[in-house]
Amino acid sequence: MAMRILLSGASGMIGTALHMRLRDMGHDVRLLVRRSPTHDREVRWDPAAGTVPRDQIEWADAVVSLSGASLTRLPWTPLYRRTIVSSRVDTTRVMANAIATATNPPRVWANASAVGYYGRGPRLDPFDESSPKGSGFLADTVEKWESATAPAADRTRIVHLRTGVVIGPMGALTPLARAAKFGLSPTFDSGAQRWPWVSLFDEARAIEHVLSADVSGPVNIAAPVLDTQSEVADAVARQLHRPNWLRVPAPLMRLALGTAANDMLLADQPVAPTALLDSGFEFSIDNIDEAVAVACGLKWKPPLTYSD
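All residue numbers for the sequence shown refer to this note's numbering, where the first residue is 1274 and numbers rise by one.
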């Protein structure tokens, strides 16, 4: 059934793919933007001032919030760490208050989150949605981020989109692909740390799915495989027909990248998409070579309306 969906963060890689998916599936989508609107499907909001157009909240059946400063911008300086937190927590709190005070609130609010909630590992069993919070900057940030939705908890069904490493044409794949083209596809430390990746195609499908599925609370969005960082790097090198021999030791990474090295690149995060699978979702791409090939434009990319 077609829904009226209010989407923020539509200019990013995930937001762009999701917007295409929602539009092509027949949903009525309006985009929240922070600049002057350029067409009638855009609506200006000002989260810094704490304002969301009330009529747009009343109009929407669903809200999808994907706002947040990029985690792939490295290194995380003290100033940028504050930006990472505020761009998520403050914006989420503004939306939560708008939904909480709406006369006719949306039926569902899907808010971006991250598998960083589970911390750094190491871990023998996969993390599912019942796993406790881990330690580290990202784990603390995600806890604050998800907690900021609390004012709206009694007014709408809230889904926390705990997304892993999204394999798309931008984002985390970009530096790996760039390095691979020079024959330097890197393995970080031992490379044995599990990376919870998801194809951009399935990321968009999963977000649309949770808008109508019987699911709430945290939802892990990661392919149902436990590939390691070295396996991801190998796949990038393989698809680009380049050698893969560079190994970057952990001490050097920590020296260069600080917190980001431990929380993202060296973290062992075997994540299971338990809630998503239990709600009836089926992944279309669960092979890292296929995901990389599609993201790099080396393989036919299924349309976002590909049969579910």
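The C-beta atom is built at its ideal place from N, Cα and C for all residues, glycine as well. Keep in mind it's a predicted model, so treat the numbers as computed, not measured.
Beta-carbon separation of residue i and residue j under 8 Å?
i, j, result
"V1302", "I1278", "yes"
"T1365", "W1418", "yes"
"V1439", "V1471", "yes"
"R1515", "A1564", "no"
"R1294", "D1334", "no"
"A1486", "G1553", "yes"
"G1437", "P1469", "yes"
"L1347", "A1533", "yes"
On the DSSP bridge list, what partners appear for residue i?
i, result
"W1470", "V1438"
"A1479", "According to DSSP, A1479 bridges with nothing at all."
"S1281", "L1305, S1338"
"E1315", "L1304"
"F1461", "V1521"
"V1544", "F1400"
"H1292", "The partner list for H1292 (beta bridge, DSSP) is empty, contrary to what the question assumes."
Smallest Cα separation from residue i: which of the options?
i, options, result
"F1400", "H1482, P1516, T1547", "T1547"
"F1368", "T1345, F1410, R1355, A1421", "The amino acid occupying residue 1368 in the given sequence is Met; Phe does not appear at that position. The shortest Cα separation from M1368 among T1345, F1410, R1355, A1421 belongs to A1421."
"S1338", "T1289, V1488, D1541, P1310", "T1289"
"L1539", "A1342, L1411, G1282", "L1411"
"L1550", "V1358, D1475, A1445, A1335", "D1475"
"A1283", "T1324, D1328, N1384", "N1384"
"V1336", "S1359, R1396, L1291, R1451", "L1291"
"A1508", "A1486, E1331, V1567", "V1567"
"L1457", "I1494, P1424, W1518, A1425", "W1518"
"S1360", "W1382, A1333, A1322, P1378", "A1322"
"Y1390", "S1340, V1415, S1503", "V1415"
"Q1542", "M1274, L1499, N1560, V1488", "L1499"
"G1392", "D1559, C1569, M1537", "M1537"
"P1343", "I1287, A1423, V1521", "The sequence given here places Ser at residue 1343; Pro does not occur at that position. Of the listed residues, the one whose Cα sits closest to S1343 is I1287."
"S1557", "V1521, P1497, L1449, R1308", "P1497"
### Inside the segment 1481-1532 only - beta strand (DSSP E) runs reaching at least 3 residues
1490-1494
### Query
If you scan the segment 1352-1407 from start to end, which runs of the beta strand (DSSP E) of 3 or more residues do you find wholly inside it?
1381-1387
### Message
Under 8 Å, with one C-beta from each stretch per pair, do the segment 1424-1433 and the segment 1460-1476 reach the 3-pair mark?
### Response
no
#### Entry: Segment contact, 8 Å Cβ cut-off, at least three pairs: the segment 1517-1531 with the segment 1371-1382
no
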